[in-house]
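Colleague:
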Amino acid sequence: MPKVGRGSREGLNPIQAFFVGREPNEGGFMLKKWTAVLCAALMLSGWTAMAADADFDQGKLETGQFLKASDAPDIAASAVVTAEKAETKDWTIMVYINAKNNLEPFGIKDVNEMEAVGSTSRVNVVVELGRLGSDDGKEPVWKGQRRFLVKKDSDSNKITSPIVMDIPKADMGDYRHLVEFGKWAKQNYPARKYMLVVWNHGSGWNLAKGGPFTPTGISYDDETNNHITTVQLGQALSGLGGVSVYGSDACLMQMASVDYEIKGSVDIIVGSEQTEPGDGYDYTGFLKQVNASALTPEDVAKAAVQSYRDWYARKGEDTTQSALRASALSGLLSQVGEFGSAVMASGEGGLLKKAKKEAVYFTESDNRDLYDLVSIIVKGTKNAAVRTKGTALMSFIEKDLMLVNMPTGSYTKNAHGLAIYTPQYSYSSAYDKLAWAKESQWDEFMKWSLKNTTGGDETPAPPSDDNGSGDDSDYPW
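According to the working numbering, the sequence shown is numbered sequentially starting from 4.
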């Protein structure tokens with residue numbers, strides 16, 4: 004099995020992008036320490052690349068509009084295999100596993116991880132699993148979407164949980180289908196608190212160097228060539244009535260622009276700045292922690308981050324995972340605006356250039372850690388206002404915004420939990436479609452940075468396979 008991760012690759016042709024990897028028996032399953040796969044993966048799936056001015060909601064509902072009954076997605080007639088309305092519990096954890104792509108074996112694996120704990124007297128675990136019908140030699144072959152109430156079992160190879168709904172045909176890249184799943188789960192498995200996990204490839208904000216912009220977002224469905232955009236993710240969470248905790252079990256999604264889009268419908272946001280290994284969340288470890296005591300939303304979010312960190316720390320891999328308070332994102336917007344204004348007023352374009360090149364970056368090199376970027380400027384500035392505003396912003400990120408941040412490995416040690424778009428080459432007007440750009444001054448700051456960082460070496464080194472060592476030995480060339 005090729006090494007595949009939950010993010011995007013760039014700089015490889017489609018064949019190279021698909022076969023970068025190692026076998027599962029090497030101890031880590033699929034790890035993506037490469038540079039961006041989605042460009043190739045989407046090409047293979049028949050995607051048409053977006054132009055620089057592409058609309059993120061693709062002509063669908065604008066942010067803030069409510070879903071109507073007529074907006075319901077078209078799905079084939081569903082066969083309800085088991086109709087079971089549960090009693091109200093402390094938590095219902097809803098996991099939307101769109102494995103209709105090259106992550107299919109990992110979707111099956113993760114449901115089996117959940118079955119090691121299963122639903123309990125306090126927690127419902129409800130899954131929609133979408134498959135293309137590949138044969139892994141273990142799980143019976145089937146195609147389509149099935150919903151499960153996850154039950155505990157001792158079989159780590161086969162899913163034995165009861166099928167509560169069979170949906171032969173659906174588009175898991177349609178945000179309206181995610182809304183329908185969330186509403187259905189809430190109605191049939193009521194709880195005092197809800198968590199939603201969207202499981203799939205993720206791409207945060209992705210700029211293909213030297214080429215057109217590729218679609219960005221999450222939940223890529225290879226069968227329909229559709230995906231949930233950043234704007235649509237916000238619409239989906241609003242449409243299903245919101246949740247206490249939202250998690251992206253996907254790459255590159257813990258970004259200011261993504262989180263700001265969904266902040267009105269969640270309390271805590273869990274995600275990764277960096278690409279995630281194919282294994283994704285440690286669902287067994289996570290569910291054990293959730294069932295250990297009466298957990299608040301903060302505790303559940305911390306359990307997701309802690310179990311993820313523990314899993315990959317044992318493997319010695321470079322990963323990121325954090326949880327942040329959605330209520331603090333409006334304050335972040337103000338702090339970022341004041342800092343950017345101070346830097347522009349100081350005229351320290353050269354220092355900003357240096358920070359944009361040196362701040363810790365991820366598989367998509369235009370994604371830089373916000374805290375690290377600011378810290379480099381604070382250390383190098385000769386301007387008192389820049390130092391004051393930057394120090395205040397760093398303190399806000401650590402104390403007010405971030406609930407918990409747990410990177411693993413040496414490269415990501417300076418990752419502080421939130422990435423932000425820092426264009427190294429050119430600015431995309433598509434970024435202006437997002438709520439973060441509309442309401443913050445970050446877009447103006449980045450446009451200013453590109454006009455005031457000329458001279459010298461403007462081109463940072465491209466991301467290497469291991470994000471730091473420069474060792475590309477496991478690339479097929």
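Even glycine gets a Cβ: it sits at the ideal position worked out from N, Cα and C. For clarity, every value in this text was computed on a predicted model and none was experimentally measured.
Might you give, ordered along the chain, the residues of its own chain that have their beta carbon closer than 6 Å to the beta carbon of G319, omitting 5 neighbours on each side?
Modeller: none
Colleague: Rounded C-beta distance between L240 and S275? I'm assuming under 8 Å.
Modeller: Wrong, their Cβ atoms sit about 18 Å apart, outside the cutoff.
Colleague: Contact defined as beta carbons within less than 8 Å: I believe L376 pairs with T425. What is the distance between those atoms, to the nearest angstrom?
Modeller: Indeed, because the Cβ distance is near 7 Å, the residues count as touching under 8 Å.
Colleague: Tell me whether the beta-carbon of A329 lies closer than 8 Å to the beta-carbon of K305.
Modeller: no
Colleague: Please state if the CB of I272 and the CB of Y286 are separated by a distance shorter than 8 Å.
Modeller: no
Colleague: Quick one: is N408 buried, meaning 16 or more other Cβ sit within 10 Å of its Cβ, or exposed?
Modeller: buried
Colleague: To the nearest angstrom, how far is the alpha carbon of K392 from that of Q338?
Modeller: Straight-line Cα distance between these residues: approximately 8 Å.
Colleague: Provide the residue(s) that pair with A194 in DSSP beta bridges, ordered along the chain.
Modeller: K92
Colleague: My understanding is that V201 touches Y99, with C-beta atoms under 8 Å, so please give their C-beta distance in whole angstroms.
Modeller: 5 Å
Colleague: Leaving out five residues before and five after E29 in sequence, what residues of the same chain have Cβ atoms less than 8 Å from its Cβ?
Modeller: Legend: pLDDT at E29 = 32, less than 50; position of this residue unreliable, value from coordinates given subsequently. None.
Colleague: Which term fits N115, buried or exposed, when burial requires 16 or more other beta carbons within 10 angstroms of its beta carbon?
Modeller: buried
Colleague: Report yes if the C-beta distance between A188 and H180 is below 8 Å; otherwise report no.
Modeller: no
Colleague: Closest to F342 by CA distance: which of D313, A422, T322 and V389 is it?
Modeller: V389
Colleague: Can you tell me which of T227, N127 and S157 puts its alpha carbon nearest to the alpha carbon of N191?
Modeller: N127
Colleague: Which one or two residues does DSSP pair with T411 in a beta bridge?
Modeller: T322
Colleague: Just the Cα atoms here: how many angstroms apart are D321 and G110?
Modeller: 22 Å
Colleague: Just how far apart, CA to CA, sit S429 and N455?
Modeller: 13 Å
Colleague: From the beta carbon of V273, is the nearest beta carbon of chain D less than 8 Å away?
Modeller: Annotation note: the requested chain D is absent from the structure, which comprises a single protein chain.
Colleague: According to DSSP, simplified to helix, strand and coil, what is F342?
Modeller: helix
Colleague: Do D403 and G334 count as a contact pair if the criterion is CB distance below 8 Å?
Modeller: yes
Colleague: Once you ignore the five residues that flank R195 on each side, which residues in its own chain have a CB closer than 8 Å to its CB?
Modeller: Here the set comprises T91, K92, D93 and W94.
Colleague: In whole angstroms, what separates the C-alpha of G237 from that of N228?
Modeller: Spanning the two alpha carbons is a distance of roughly 20 Å.
Colleague: Considering only C-alpha positions, which residue in the set L132, I221, Q148 and S260 is nearest to K436?
Modeller: S260
Colleague: Would you kindly work out how many angstroms separate the C-alpha atoms of P479 and A331, rounded to a whole number?
Modeller: Here the model assigns P479 a pLDDT of 20, short of 50, so the residue's position is not dependable, and the following value carries that caveat. Whole-angstrom Cα-Cα distance: 44 Å.
Colleague: Mark K385 as exposed unless 16 or more other C-beta atoms lie within 10 angstroms of its C-beta, in which case mark it buried.
Modeller: exposed
Colleague: Exposed or buried, what is P300 when buried is set at 16 or more other beta-carbons lying within 10 Å of its beta-carbon?
Modeller: buried
Colleague: Name the DSSP beta bridge partners of V200, please?
Modeller: V98 and G250
Colleague: Cα separation between S164 and E142?
Modeller: 12 Å
Colleague: Please go through the stretch 289-321 and give each complete alpha helix (DSSP H) segment of 4 or more residues, from N-terminal end onward.
Modeller: 300-318
Colleague: Who are the near neighbours of F289 in its chain, counting only those whose CB is closer than 7 Å to its CB and skipping five residues on each side?
Modeller: A306, A307 and S310
Colleague: With DSSP run on the structure shown, which of helix, strand or coil describes L327?
Modeller: strand
Colleague: What is the DSSP secondary structure of L376, counted as helix, strand or coil?
Modeller: helix
Colleague: May I ask you to list the residues that DSSP assigns as paired with E131?
Modeller: Beta-bridge pairing links E131 to Y99 and R150.
Colleague: Which of the three DSSP states, helix, strand or coil, is assigned to N449?
Modeller: In the sequence under discussion, the amino acid at residue 449 is Met, which differs from the Asn named in the question. Looking at M449 - three-state DSSP - the assignment turns out to be helix.
Colleague: Report buried or exposed for A362, applying the criterion of at least 16 other Cβ atoms within 10 angstroms of its Cβ.
Modeller: buried
Colleague: Does the distance from the CB of A316 to the CB of T411 come in under 8 Å?
Modeller: yes
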